[in-house]
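Colleague: Note that the working numbering has the sequence shown beginning at 29, numbered continuously upward.
Glycine is no exception: its CB is placed at the ideal position from the N, C-alpha and C atoms.
Note that the structure is predicted; figures quoted are calculated from it, not measured.
My questions all concern the structure below.
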Amino acid sequence: MAIADRPSTKFEPWKDPQARPIIDIVHVSKAFDGFPAVNNISLQIFPGEFFSLLGASGCGKTTLLRSLAGFEIPTSGKIFIDGINMTNVEPYNRPVNMMFQSYALFPHMTVEQNIAFGLKQQNMPASDIRDRVISMLELVHLRKYARRKPQQLSGGQRQRVALARSLAKQPRVLLLDEPLGALDRKLREQTQFELVNIQETLGVTFIMVTHDQEEAMTMSTRIGVMEEGRIRQVGTPTEIYEYPSSRFVADFIGEMNIFEGFVTEDEPDHVSIKSEEAGCDLYVTHSSSAPVGAQVAVAIRPEKVMITKESVQKERNCCKGIVTEIAYLGDVSIYHVELKSGKKILSTVTNQVRLTERPINWDDEVYLHWRPESGVVLTS
Ligand code: ATP
Numbered sequence: 029m030a031i032a033d034r035p036s037t038k039f040e041p042w043k044d045p046q047a048r049p050i051i052d053i054v055h056v057s058k059a060f061d062g063f064p065a066v067n068n069i070s071l072q073i074f075p076g077e078f079f080s081l082l083g084a085s086g087c088g089k090t091t092l093l094r095s096l097a098g099f100e101i102p103t104s105g106k107i108f109i110d111g112i113n114m115t116n117v118e119p120y121n122r123p124v125n126m127m128f129q130s131y132a133l134f135p136h137m138t139v140e141q142n143i144a145f146g147l148k149q150q151n152m153p154a155s156d157i158r159d160r161v162i163s164m165l166e167l168v169h170l171r172k173y174a175r176r177k178p179q180q181l182s183g184g185q186r187q188r189v190a191l192a193r194s195l196a197k198q199p200r201v202l203l204l205d206e207p208l209g210a211l212d213r214k215l216r217e218q219t220q221f222e223l224v225n226i227q228e229t230l231g232v233t234f235i236m237v238t239h240d241q242e243e244a245m246t247m248s249t250r251i252g253v254m255e256e257g258r259i260r261q262v263g264t265p266t267e268i269y270e271y272p273s274s275r276f277v278a279d280f281i282g283e284m285n286i287f288e289g290f291v292t293e294d295e296p297d298h299v300s301i302k303s304e305e306a307g308c309d310l311y312v313t314h315s316s317s318a319p320v321g322a323q324v325a326v327a328i329r330p331e332k333v334m335i336t337k338e339s340v341q342k343e344r345n346c347c348k349g350i351v352t353e354i355a356y357l358g359d360v361s362i363y364h365v366e367l368k369s370g371k372k373i374l375s376t377v378t379n380q381v382r383l384t385e386r387p388i389n390w391d392d393e394v395y396l397h398w399r400p401e402s403g404v405v406l407t408s
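Rendered as structure tokens:
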């Protein structure tokens, strides 16, 4: 899975107690006919962030985004933008702009007229509009398409016009609802990087709604993982991937092996867990808030599970099973292994050399093992 690796990894305003958020969502709920689409969310987003709201369909991410734009009024709670309470502020008076998935371009207008539209409505002087439109066209590399109509453009070009139009008014915050949803996979990947470059160039705060985890991982400074109207975890892509805080987040992001078990030893530097499912004791080198006897889960990513036919003499973090499936994906192979307990475990192996004959085959008995620092104890 691709994880954001941008120069801005040192950019961590959320860790600075002095930093002032540009968006401060305080106990916001939004119900439709009594149904809580957004349920008591509190969240701070800082200037210059590329923040993604990630979750399955219907989890409430669009409703939260629309509440920031002012298209939905929260049932309770407050939203502050740049320190100002937005509760009674109309959408067009908020320092935010929203880019819709459908792009909503005017079909009868040229690219430059589309970009200029909002500026004309603001009564900006014509010469300033011209300059702004040119700089926006340059930003999205569309200067030579200025006179075309939207239907004369490709999907990716239309997406860039929509982006230029929504940035033309220089909003403090740009809200993006599935901005790459209409693009095919290849163009999507290319556009992800362009969007991040533009965001970094302008320093505008971006808040994006997506159900695509790879997209969120690649582009975001931080991600808020949502489930049923609530935010389950907020963190950097690495934190969300490496240190999920619950079974839900662990399972939602990428592939994960999850063993259920009971704590037998809880020390500041390690936790031991007895797991019938694993058929071995699990040992994890971090502390846990769970007391001895508590039921917990241990999560281990498939790429951290090593697989071998040779016997492994380890008392902990090692189990035996039978290969039931092998998925060859070119760059990696994913081995599905069934343990004696019936539990199925995945192990991902990088194909470093060209395979003529597979060293591990279907029905082979194999040993799976991993390092003590590879597991994460989940208490919820
Ligand atoms: P998707 O990815 O499918 O767009 P989402 O996470 O953005 O989903 P929302 O559009 O925020 O989800 O919807 C959250 C819940 O609120 C859904 O169950 C939806 O049916 C409901 N909902 C959204 N808007 C309305 C509305 N105007 N009236 C009634 N229910 C609504």
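Rounded to whole angstroms, what's the CA-CA distance from Gly349 to Arg213? Just pull it up for me.
Modeller: Looking up residue 349 in the sequence shown gives position 321. Looking up residue 213 in the sequence shown gives position 185. About 36 angstroms.
Colleague: Name the one or two DSSP bridge partners that His298 has.
Modeller: Within the sequence shown, numbered from 1, the residue matching residue 298 stands at position 270. Beta-bridge pairing links His298 to Glu295.
Colleague: Three or more C-beta pairs closer than 8 angstroms, one from the region 284-302 and one from the region 245-265: is that the case here?
Modeller: Touching, no.
Colleague: Among His169, Leu202, Leu133, which residue has its Cα nearest to the Cα of Leu222?
Modeller: Your numbering for residue 222 matches position 194 in the sequence shown. For clarity, residue 222 is Glu in the given sequence; the question names Leu instead. Comparing Cα-Cα distances from Glu222 to each of His169, Leu202, Leu133, the minimum goes to His169.
Colleague: Are there 16 or more other CB atoms within 10 angstroms of the CB of Ser95, so buried, or fewer, so exposed?
Modeller: Mapped onto the sequence shown, residue 95 falls at position 67. With 16 or more other Cβ atoms within 10 Å, it is buried.
Colleague: What is the C-beta distance between Pro75 and Thr233, in whole angstroms, given that I count them as a contact (C-beta under 8 angstroms)?
Modeller: Taking the first residue of the sequence shown as position 1, residue 75 is located at position 47. Taking the first residue of the sequence shown as position 1, residue 233 is located at position 205. Pro75 to Thr233, Cβ: 6 angstroms. Contact.
Colleague: Identify, in the order they occur along the chain, each residue of the same chain with its Cβ nearer than 8 angstroms to the Cβ of Pro45, setting aside the five sequence neighbours on each side.
Modeller: Here residue 45 refers to the residue found at position 17 of the sequence shown. Hits under 8 angstroms: none found.
Colleague: What runs of the beta strand (DSSP E), each 3 residues or longer, lie entirely inside the region 224-310?
Modeller: Taking only runs of at least 3 residues, the beta strand (DSSP E) segments lying wholly in the region 224-310 are 233-238, 250-255, 258-263, 285-295, 298-303.
Colleague: Express the C-alpha separation of Val201 and Ser375 in angstroms, rounding to a whole number.
Modeller: The residue you call residue 375 lines up with position 347 of the sequence shown. The residue you call residue 201 lines up with position 173 of the sequence shown. Approximately 41 angstroms, taken between the alpha carbons.
Colleague: Give the straight-line distance between the Cα atoms of Ile286 and Ile328, rounded to the nearest whole angstrom.
Modeller: To locate residue 286, count along the sequence shown from 1; it is residue 258. To locate residue 328, count along the sequence shown from 1; it is residue 300. Distance between the alpha carbons of Ile286 and Ile328 is about 7 angstroms.
Colleague: With distances taken Cα to Cα, identify the nearest neighbour of Val340 among Ile354, Glu393, Ser80, Pro387.
Modeller: Taking the sequence shown and counting its residues from 1, one reaches residue 340 at position 312. Of Ile354, Glu393, Ser80, Pro387, the residue nearest in Cα terms is Glu393.
Colleague: Does the beta-carbon distance from Ile226 to Leu167 come in below 8 angstroms?
Modeller: Within the sequence shown, residue 226 is the residue found at index 198, counting from 1. Within the sequence shown, residue 167 is the residue found at index 139, counting from 1. The answer is yes: Cβ separation under 8 angstroms.
Colleague: Can at least three beta-carbon pairs, one atom from the region 286-295 and one from the region 320-338, be found at a separation below 8 angstroms?
Modeller: At 8 angstroms Cβ cutoff, the stretches touch.
Colleague: Would you mind giving the Cβ-Cβ distance between Leu93 and Leu203, rounded to the nearest angstrom? I have them listed as a contact below 8 angstroms.
Modeller: As a first step, residue 93 must be located in the sequence shown, where it is residue number 65. As a first step, residue 203 must be located in the sequence shown, where it is residue number 175. Indeed they touch by this definition, with Cβ atoms about 5 angstroms apart.
Colleague: Starting from the Cα of Glu140, find the closest Cα among Ser130, Arg386, Asn113, Tyr173 and give me that residue.
Modeller: Here residue 140 corresponds to residue number 112 of the sequence shown, with the count starting at 1. Of the candidates Ser130, Arg386, Asn113, Tyr173, the one whose C-alpha sits nearest the C-alpha of Glu140 is Tyr173.
Colleague: So is the beta-carbon of Cys87 under 7 angstroms away from any non-hydrogen atom of the ligand ATP?
Modeller: One-based indexing of the sequence shown puts residue 87 at position 59. Under cutoff, so the answer is yes.
Colleague: Ends of the alpha helix (DSSP H) at Leu92?
Modeller: As a working note, residue 92 is residue 64 in the sequence shown. From DSSP, the alpha helix (DSSP H) with Leu92 extends over 89-97.
Colleague: Within 7 angstroms: the Cβ of Ala65 and any heavy atom of the ligand ATP?
Modeller: For the purposes of this step, residue 65 is taken as residue 37 along the sequence shown, with counting starting at 1. Because some heavy atom of the ligand ATP lies under 7 angstroms away, the Cβ of Ala65 counts as near it: yes.
Colleague: Out of curiosity, what's the CA-to-CA distance linking Ser36 and Ala97?
Modeller: Residue numbering aside, residue 36 sits at position 8 when the sequence shown is read from its first letter. Residue numbering aside, residue 97 sits at position 69 when the sequence shown is read from its first letter. Here the model assigns Ser36 a pLDDT of 49, short of 50, so the residue's position is not dependable and the matter cannot be decided.
Colleague: Quick check on the DSSP output: the alpha helix (DSSP H) that includes Phe145 runs from which residue to which?
Modeller: Counting from one through the sequence shown, the residue named residue 145 turns up at place 117. Per DSSP, Phe145 belongs to the alpha helix (DSSP H) from 139-149.
Colleague: Check whether the Cβ of Phe468 lies closer than 7 angstroms to any heavy atom of the ligand ATP, and answer yes or no.
Modeller: Because the chain here runs from 29 to 408, residue 468 falls outside it and cannot be looked at.
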